[in-house]
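Heads up, the sequence shown is in UniProt numbering, so the first residue is 1 and it goes up one at a time.
C-beta atoms are modelled at their ideal positions from N, C-alpha and C, and glycine is treated no differently.
Given the structure is predicted, the values throughout are model-derived calculations rather than measurements.
Take a look at the structure set out below.
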Amino acid sequence: SLTLCVCVSVSNPVCQSLTQCSHTVVCSVCKRDGHLKKDCPEDFQRVQLAPLPPMTPAFLKTLNTVCQQCYRDFAPDDVELGVREHILQDLESFVKRQFTGARLRLFGSSKNGFGFKQSDLDICMVLDGQETAEGLDCISIIESLARLLRKHPGLRNILPITTAKVPIVKFYHARTGLEGDISLYNTLALHNTRLLASYAAIDPRVKILCYVTKVFAKLCDIGDASRGSLSSYGFTLMVLFYLQQRNPPVIPVLQEIYDEEKKPEVLVDGWNVYFYDDLDKLPERWQQKNLESVGALWLGLLQFYTETFDFREYVISIRQSAALTTFNKQWTSKYIVIEDPFDLNHNLGAGLSRRMTNFIMKAFINGRSVFGTTVKAYPPEYTSPMEFFFDPEVLTEGQLAPNDRCCRICGKIGHFMKDCPMRRKSRQRREQEDRAEGRREWAEGGREHRQGEYWRRQEEKRCCFLCGSHAHIKKDCPQYRGPAGAFSSSPSTRLTSTWSNPSVFVQDSPQPGLTLVCLFVQDSPQPGLILVCLFVLDSPQPGLILVCLFVLDSPQPGLILVCLFVLDSPQPGLTLVCLFRTHLNLV
C-alpha cells in the first residue's frame, strides 16, 4: 500500500484562513455565527423581563374597554349565526337527494362560541344507521359528494381533498361569501366543539379573552397552523388552561366533575369524551369566586405565559387540575406542548419549529410590555387605543414570522415545493388535459351546449388555492406570501391602482385601429404581473371571438369577466381571461 504524507506550513495565510473557517459555528435558530443554538441569544427564555410598573385603576379600565371592544368588533351577530344554520339546513336537504340518511352538523368556530365574522363553515356529515366510518369507502363518498355539490346553484369552487388525514370537500357559498368544508364522521371534533361551547357559556369573560387572544395571534401572524404556527384551537386551549390555573379559578375542569366514584366513560374513536355538561346545576358543584375584570385577566394571561409557566417542564392540559409534566407525556422535544382534551396523543404544538416558538413567545413578551405599561396619552400616529395596543410592528418588532418550514410556492407546510398542488408545471399539465377533453366534447356535437359547459369549467377553475375564493387568484390573495414571506397587497388595492384611468387602455392606443386589452395571468410566477396584448379590430386572421360574461353573483360587485377564445390560435384551446370594472367601455 502507498501512504501519502502532506506537510503544510501553518504560517501560510491560505492555511490560516482555512483553519479559522473550520472553527466557525453557525446557530441553526438565528442563522448567525459565533454560537450554538443552546447559547442562542434569540431564545425567549434568555430574555430578561423588566418588572412592570404598578397598574392604575384608570389604565385597568382602559384595558377592560379595549378587550370588550375587540369582542364586539370580531364576534358574529345573531343574524350571521342564523344564516349559518340556514346554510346548513339547505345543504342537508340538498345532500339527502343522493344520501337519504345523511345528517349534517356544524362544528368548530361556527358552533363553539369563539368564531370570527365570516369564518369558515366546518360541517360534519354522518349517515343514519352507521355509528362510525368503519366499513365505509370515505374517499368514494367524498368524491360522490363533490359531484353532487357541483349541481347546487348557490355553491362555487367545489374541491374534494381526498389525500388529507380527514378527507373533505371544500366549497364557497356565493350569496354570503362564506367558505366551508364538509368532512365525514369527524365525530371527535363534534365533542371538542361541545366542550368549548360549555366553557364559553360558563362565564362571559371566557369568550372575550379567547377573542382577544385570537386577534392578538392573527395580527402577529402566529395563529395559522398551516404556516407552521399554532392553530386558533391551540390558543383557545391556552386561554382555558390559564383560566383554570388562575387563583381563584375562573372556570372549573369539567372533565373532573362527576357523581360516581370513577370517571364515566363515553368512548368515541377509542377516546373518553365525557365531561360535565349540565351547566344549570354547575353552581351546585362549583362556586365562582373570581371577580377580576377581563382587562386584568388579559394582562395576567400575558404574565402567566412569560413569567410563571415553565414550558420545558409542564404540559398545557385542560382535562385535569393537577400539573402534567412533559416527562410523563414523553413530549420533551418541543417547547410549547398543548394536549388535546380528548385525543391524548395529539400535541397541538408538535408542528412548531424552534424559530417559530421563539417568535410566538417574543410576541407574548412584547404584548406583556405593551399591555402592562401605563400610558397617559397615545402617540399622534394612533387614532384609537385599539391601534396602539394591537400594533403588529411593535408586537413583532417589525419582523416577519419564520417561514423556513413552508413551501416556497404556496407558503404552507406539509409538503415540499416539488409536490405543491399550486406548482405551475403540474397545473399546466392538468389544464392541458382538461382542454383536450373539452375539445373532444366540442367535436362530438351540441356546440352551444358544449361551449356553455366549457366556460363554466373555466370559471370554476379560476379560484384561489389559498383561501378558495373565486373572486381572485393566488397572487391577489391577501393571505399570499412570496418566497421572502412578505404580505402581498390586497386585491382591491391592486385593482384600484391598475384601473385608475381605464379609458386609456382602449381609446388612447398609440396605433390607430388597435384595441388594448389587459390580461391577468393566473399562473404568473411574479405576483401582480400584467400582460398586455394588442388585437387588430380588422384583423386579417378571422376567427377571433370576444365573449363577455357578466358575473351576477360575484362577491366583488361590478366585475365583468371577459374571455377571448382564439379559434385559429397555433396553440389550440388557448383561453385569455380578463377582469374589468363596469365603467370600462370596450370598443
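- Leaving aside the five residues that flank LEU243 on each side, the residues in its chain whose CB is nearer than 6 Å to its CB run, in chain order, VAL250 and ILE251.
- According to the DSSP assignment, LEU60 belongs to the alpha helix (DSSP H) that extends over 57 to 74.
- Only buried fits PRO160, as 16 or more other CB atoms lie within 10 angstroms of its CB.
- Apart from sequence neighbours up to five positions away, no residue of its chain approaches ASP280 with a beta-carbon distance below 6 Å.
- Of LYS117, THR65 and THR62, the smallest CA-CA separation from LEU81 is found for LYS117.
- Rounded to whole angstroms, GLY367 and GLY154 show a C-alpha spacing of 43 Å.
- The straight-line gap separating the alpha-carbon atoms of PHE107 and MET356 is approximately 28 Å.
- In the structure shown, the three-state DSSP call for PHE309 is coil.
- Taken atom to atom, the span from the alpha-carbon of ARG32 to that of THR308 is near 30 Å.
- Residue state for ASN290 is assigned as coil, using DSSP reduced to three classes.
- For TRP271, the beta-bridge partners assigned by DSSP are VAL268.
- Within the DSSP bridge table, the entry for LEU127 names ALA102 as partners.
- Nearest C-alpha to SER140 among HIS152, LEU178 and LEU184: LEU184.
- Remark: C-beta atoms of VAL294 and ARG205 approach each other more closely than 8 Å.
- Under the DSSP assignment, GLU387 falls in the alpha helix (DSSP H) whose first and last residues are 385 to 389.
- A straight-line Cα-Cα distance of about 28 Å links ASP73 and GLN245.
- For ASP181, the three-state secondary structure derived from DSSP is strand.
- Taken in chain order, the complete alpha helix (DSSP H) segments of 4 residues or longer contained in the segment 145 to 233 are 187 to 202 and 204 to 219.
- Here TYR378 is exposed: its Cβ has fewer than 16 other Cβ atoms, across all protein chains shown, within 10 Å.
- Here PHE327 carries a helix assignment [DSSP, helix/strand/coil].
- In the DSSP assignment, no residue is bridged to ILE141.
- In terms of Cβ geometry, PRO341 and LEU209 do not form a close pair [threshold 8 Å].
- Checking the DSSP bridge columns, you'll see TYR314 partnered with THR325.
- GLY372 sits close to LEU299, with the two beta carbons spaced by under 8 Å.
- Pairing GLU265 with TYR276, the inter-Cα distance amounts to about 12 Å.
- Under DSSP, the beta-bridge partners assigned to VAL26 are ASP33.
- Across the set PHE304, LYS263 and VAL337, the C-alpha of VAL337 shows the shortest separation from the C-alpha of TYR314.
- Relative to HIS191, the option among GLN130, CYS124, LYS218 and THR213 whose CA is nearest is CYS124.
- For PHE116, the secondary structure class from DSSP, reduced to helix, strand or coil, is coil.
- With contacts defined as CB atoms closer than 8 Å, LYS111 and THR162 fail to qualify as a contacting pair.
- The beta carbon of ARG285 is closer than 6 Å to those of ILE257 in its chain, skipping five residues each way along the sequence.
- DSSP, reduced to helix, strand and coil, places ILE338 within a strand of the structure shown.
- In the DSSP assignment, HIS346 falls outside any alpha helix (DSSP H) and carries neither an H nor an E.
- Out of ALA174, SER369, PRO402 and VAL375, the CA that lies nearest to the CA of GLY223 is found in PRO402.
- For ASN366, the enclosing alpha helix (DSSP H) stretches over residues 354 to 372.
- When beta bridges are read from the DSSP output, ASP122 appears opposite PHE107 and ASP181.
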